[in-house]
Structure formats: C-alpha cells, structure tokens
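Accompanying notes for the structure given below.
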Amino acid sequence: YGARKGDQWFVVVDGKAGPAYDGIGHGSLTFADDTRVAYSVQKGDKWCVVVEGQAGPQYDGIGGGDPVFSPDGKHMAYSAQNGGNWLVVVDGRAGPEYDAIGANTPVFGPDSGHFVYLAAKGALWSVVVDGEPSIEYDNILAVAFSPNGKRLAYAAVVQGELFVIVDEQPGPAFNALAAGSLSFSPDGNHVAYLAQKLGKWCVVVDDRPGPQYAAIICGPVFVEDGAVECIAISASGLVRVRARPL
C-alpha cells in the first residue's frame, strides 16, 4: 500500500517501506507474483516506474492504469510521455514515439512471448506487435490473442467500414462489431465474432457470415463439439444459433 510521511510518499510491501518519492501514481501498484511489484512514482517534475525497488527511466508522465506484467511475471510494460509524444517501455527499453497510445494497452499475450499496443500518428491508428506497427487505420476497436498467444485478431475501421483482421488478413466488411465478441476457439484455430451490416446482426466464423437477425443478445461461445453458439432475436422470438467452423 502507499503511505505518506510529511511531504514524501513510499510504498509498503509486506511491512517493509520502499524508497521515498514526491508522489505515487494513483492505482499504479501491481504484482506479478509474490516477489515482483511495480508502481509509478514522481521525482520532482518527472515520473518513472519502480520495479522491485529499482527506479526506471524518467519521463514527463506515465500512462494511466497499472504497469503490466506478462503472465509468467518475467516482463513488464507501461506507456510513458516524453514531451508531447507517447511511447511504450518494455523491460526498461523505450519503443518508438507516437502521438497517443491506446487505452488499456500495452498487453501481453497468454504465452508471455508477445506484446501488443495501439498507437496513433495524427488521426490514424496502428496495432504495434512486438514493436512493429501494422498499416494505419481510421480506428481500431478490439484486439484478441489466441489462447496459445501465437495468433492475433483485431477489428479495424477504414472509411466507415469495419474489418476483422486475422493474422494480418482482412475479413468481410461490416458496419459494427459487438463489444467483447471477438474471440478465438480454445485450440486457436478458429475466430468468431458478432457483426452488423445494414441494421442486421450475424455471427461470423472464420470470415463466413451466418444468417441475419434483428439482434444477437448472447455469444458467441465455442462449445465442446467445436461449434459456435449464440442467442438471437428472430421474428418468432429467441432462437439458439449454431455455426460450425470449416
């Protein structure tokens, strides 16, 4: 927890106080496991992230939210401000500078071997994977790793149309994507999401749109037999929709 003594702030872990600083980032304290802890601190007019008691490089600001540890606890990332630009720092190494870094990023893949964040230059956005940016889009709405961390899917907007990009290959065009619906199958071989076109909704599995409905209120969910299920509203009421990958 954070504590204050006079004008100085410090973090107390297991009853032991760490070094004193001019301020501690609100809500920045995060643990990787029982031994690794990270948090952002203020030193004069600069900010840095402290990992296991060691202060990292100083910046003009640290991005909102916690520093992020990889699932295996071996890597740590955060966004930082340098003048008028923003960048992502991974294991103490600063990446390229952008005009903005997307909210709730960076994130690590489930295998801890890859990291991804959203970055903007001007009005255009890219998905940056392991430090390498994708092509630029008008907006990026969702990002999802496969369970093994080897594949990546994201939803991008280009001139008012939405495309789900899987392994850098775009799928069909839609008008909207249901929030939180982009997902991989447990084995990582298939992708499903809920999309809207011309006011109607459908479940899309591996780029194949299914029947259209007025609304889909639940799903998609990969079930034990490999099919995808969701609950839709049809003219006759609620129906269970099943789609099977090729």
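Here the numbering used here runs 12 ahead of the position in the sequence shown, where the first position is 1.
Yeah, the Cβ is synthetic: ideal placement off N, Cα and C, and Gly gets one too.
By the Cβ-count criterion, G114 is buried, with 16 or more other Cβ atoms from all chains shown falling within 10 Å of its own Cβ.
For the region 174-234, there is no continuous alpha helix (DSSP H) assignment of 4+ residues that stays within its boundaries. Inclusion of A89 and W98 in the CB contact set at 7 Å is not warranted, their separation being larger than that value. With respect to A165, V178 sits close: the two C-beta atoms are nearer than 7 Å. Given a length threshold of 4 residues, the region 42-91 has no whole run of the alpha helix (DSSP H) inside it. At least 7 Å separates the beta-carbon of G161 from that of P198.
If you draw a straight line from the Cα of P184 to the Cα of V253, it is about 20 Å long. For the options D219, T117, S40, Q208, the alpha carbon positioned closest to that of G172 is the one of Q208. Nearest in C-alpha terms to N116, of all of Y110, V128, A106, is V128. Note: Q93 is bridge-paired with G73, W98 in the DSSP secondary-structure output.
DSSP, read as helix, strand or coil, puts N116 in coil. The C-alpha of A188 is placed about 15 Å away from the C-alpha of Y149. With 16 or more other Cβ atoms from the protein chains shown falling within 10 Å of its own Cβ, S40 counts as buried. Of the other Cβ atoms in all chains shown, fewer than 16 fall within 10 Å of the Cβ of S246; this residue is therefore exposed. Within the same chain, and ignoring the five residues on either side of V217 in sequence, the residues whose Cβ sits closer than 7 Å to its Cβ are H202, A204, V240, A255, P257.
Counting along the chain, the unbroken beta strand (DSSP E) around N151 starts and ends at 151-157.
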